[in-house]
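Note that the numbering used here gives residue 1681 to position 295 of the sequence shown, counting from 1, and the numbers run on in steps of one.
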Amino acid sequence: MKINKILFQNFRIYKGNNEIIFSPNASKNISIIAGKNGFGKTTFLTSLIWVFYGKMMSEVEDKYRKDIKNAGGYEKFLKTLLNRDVKSEFESNGTNSPILSVEIELKDLLIPSIPCKSVVLKRSYDLRTETEDLKIFIDGLENELTKEVGYEVFINDFILPREIAKFFFFDAEKIVSLAEAKSKAELKNLSKAYSEVLGIKKYEDLKKNLETLLTKLKRSGASPLQQTKLFSLVDNEKELLGLIEMNQDKQSNIDKEILNHKLNSDNLQEKLIREGNGITVAELQVMKKERDTFKLESIEIKNKLKKLLDIVPLVLAGKKLVALNNQLVYEHKFHSNTLNQDSLIEELSAFSKSILKNLNNLNLDTISKAKVEE
1387 MKINKILFQN FRIYKGNNEI IFSPNASKNI SIIAGKNGFG KTTFLTSLIW
1437 VFYGKMMSEV EDKYRKDIKN AGGYEKFLKT LLNRDVKSEF ESNGTNSPIL
1487 SVEIELKDLL IPSIPCKSVV LKRSYDLRTE TEDLKIFIDG LENELTKEVG
1537 YEVFINDFIL PREIAKFFFF DAEKIVSLAE AKSKAELKNL SKAYSEVLGI
1587 KKYEDLKKNL ETLLTKLKRS GASPLQQTKL FSLVDNEKEL LGLIEMNQDK
1637 QSNIDKEILN HKLNSDNLQE KLIREGNGIT VAELQVMKKE RDTFKLESIE
1687 IKNKLKKLLD IVPLVLAGKK LVALNNQLVY EHKFHSNTLN QDSLIEELSA
1737 FSKSILKNLN NLNLDTISKA KVEE
């Protein structure tokens, strides 16, 4: 790619139309633009970045990102690109045309599937309407491919990617900083840029495409029986998912119907009670409160019954315990001469205390406890 011609119109210091032609010459193939400080060298470099990337120029260099930020955004930054005299004349009388533009003609540019001799990029900005416009001409004509892909995407993909622009448009200080890059992020960006410059990225993309194609082929390499089984399972899954969704809808509708029927049932019960007995709504409410009270009392009675059930085995064995006591007394009288009376009394007392202790653990009421002790 070679730059054949650049045309400036009211771009900062370049007031009016200023054309620079780089005529190709086999013996002199290097063009040098020199000048003192403030004579437009940096402006020349900025114009190239702007005509290629426009709003995306902030991604090329941090310098342009800072300039756009300091200007208050890209829209305000565009106004700083317009020649000051042209801007002042327009603001004072409004008669002149406040348009700035940069046009660059490229030659020896290879674009896949589009053989061409020259490509012209023209980016302009109209202060009157505050609109930016970009046009691309291939051999003097607009191309449908550029419109379909998009001008910005076409420049980035087919002419000069933003990632490697810093290796083509740079100042002396910047190239030194690039050579001294040390951080991982900087080295990663350099590696990516080298891949773009050397054309390695195309082979990397080709490798990724081949890997993707291999994956697709592996997936489609199943036997006819396996494919049939897979399709059958997929169809069954879809059918089951449909049934699940349908059943969920049915369940939701049934729940709503149950709620409605319950409300209707309550209303009908109240209506029947009022019409059958002639009671008022207030009386019905009182009856409902009494019903709730009886329910609570029923719960308390059930709890007491559960406690009494714990001593049922003891009550059932009451007669046996009396018989045991009589037997012990009889044996005591019979063996009074051979047994130690004090130890026997002590054992009986300990047995009675253990029974009473277990009764206390049952938390019986006073009446029930007295009956058991008797």
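Glycine included, each C-beta is placed from N, C-alpha and C at the ideal position.
Inter-residue spacing [alpha-carbon to alpha-carbon] between residue i and residue j
i, j, result
"L1710", "Y1716", "10 Å"
"D1641", "N1689", "34 Å"
"L1539", "T1532", "Rather than Leu, the amino acid found at residue 1539 in this sequence is Val. Taking the straight line joining both Cα atoms gives about 9 Å."
"D1471", "S1409", "31 Å"
"Y1589", "S1577", "15 Å"
"F1430", "E1405", "12 Å"
"I1741", "K1681", "35 Å"
"E1489", "R1451", "23 Å"
"V1672", "I1687", "23 Å"
"V1437", "T1428", "14 Å"
"S1684", "E1676", "12 Å"
"I1497", "I1524", "10 Å"
"I1541", "I1435", "12 Å"
"T1466", "S1499", "39 Å"
"P1484", "Q1395", "10 Å"
"R1514", "R1605", "59 Å"
"K1648", "M1632", "24 Å"
"K1508", "N1529", "14 Å"
"L1707", "T1679", "41 Å"
"D1494", "L1573", "31 Å"
"S1478", "I1522", "34 Å"
"L1694", "L1734", "26 Å"
"E1732", "K1739", "11 Å"
"K1719", "D1696", "35 Å"
"N1482", "E1597", "59 Å"
"Y1439", "L1393", "17 Å"
"L1645", "Q1637", "12 Å"
"F1463", "I1454", "6 Å"
"L1619", "V1535", "41 Å"
"L1700", "N1650", "51 Å"
"K1414", "T1432", "25 Å"
"G1424", "N1469", "14 Å"
"S1417", "F1476", "36 Å"
"L1702", "A1736", "22 Å"
"L1841", "K1593", "Summary: the structure shown does not reach residue 1841, with the chain confined to residues 1387 through 1760, and so no result is reported for it."
"K1388", "G1526", "17 Å"
"S1570", "D1591", "It should be pointed out that residue 1570 corresponds to Lys in this sequence rather than to Ser. Each residue's Cα considered, the two are about 23 Å apart."
"N1411", "L1546", "24 Å"
"S1474", "G1480", "9 Å"
"G1704", "N1712", "13 Å"
"N1622", "L1658", "52 Å"
"F1397", "K1587", "35 Å"
"M1442", "Y1460", "10 Å"
"A1457", "N1595", "43 Å"
"K1624", "E1516", "55 Å"
6 Å Cβ shell around residue i - same chain, five flanking residues per side excluded
i, result
"E1445", "R1548"
"E1374", "The first residue shown for the chain is 1387 and the last is 1760, placing residue 1374 beyond what the model contains."
"F1544", "I1497"
"Y1537", "L1520, I1522"
"Y1511", "L1464, L1486, E1518"
Per DSSP, cross-strand counterpart(s) of residue i
i, result
"Q1395", "N1403, S1487"
"I1389", "L1492"
Contact with chain B by residue i, beta-carbon distance below 8 Å
i, result
"F1617", "Checking the listed chains, one finds no chain B in this structure; it contains a single protein chain."
Close-in-space but distant-in-sequence residues of the same chain around residue i (CB under 8 Å, 5 per side omitted)
i, result
"Q1613", "none"
"K1602", "none"
"G1421", "K1427"
"L1629", "none"
"F1554", "L1546"
Own chain partners of residue i with C-beta closer than 7 Å, once the 5 adjacent residues on each side are dropped
i, result
"E1656", "L1670"
### Message
Does the contact criterion of 3 or more C-beta pairs under 8 Å hold for the stretch 1398 to 1418 versus the stretch 1498 to 1509?
### Response
no
### Task
Could I get the ranges of all uninterrupted alpha helix (DSSP H) runs contained in the stretch 1408 to 1491, with 4 residues as the minimum, in chain order?
1427 to 1439, 1448 to 1457, 1460 to 1467, 1470 to 1478
### Task
Quick one: which unbroken alpha helix (DSSP H) runs of 4-plus residues sit fully inside the stretch 1484 to 1534? Chain order, please.
none
### Query
In the stretch 1603 to 1645, which residue ranges form an unbroken beta strand (DSSP E) of at least 3 residues, counting only runs that do not cross its ends?
none
### Query
At what residue ranges does the stretch 1663 to 1687 contain a whole run of the beta strand (DSSP E), taking only runs of 3 or more?
none
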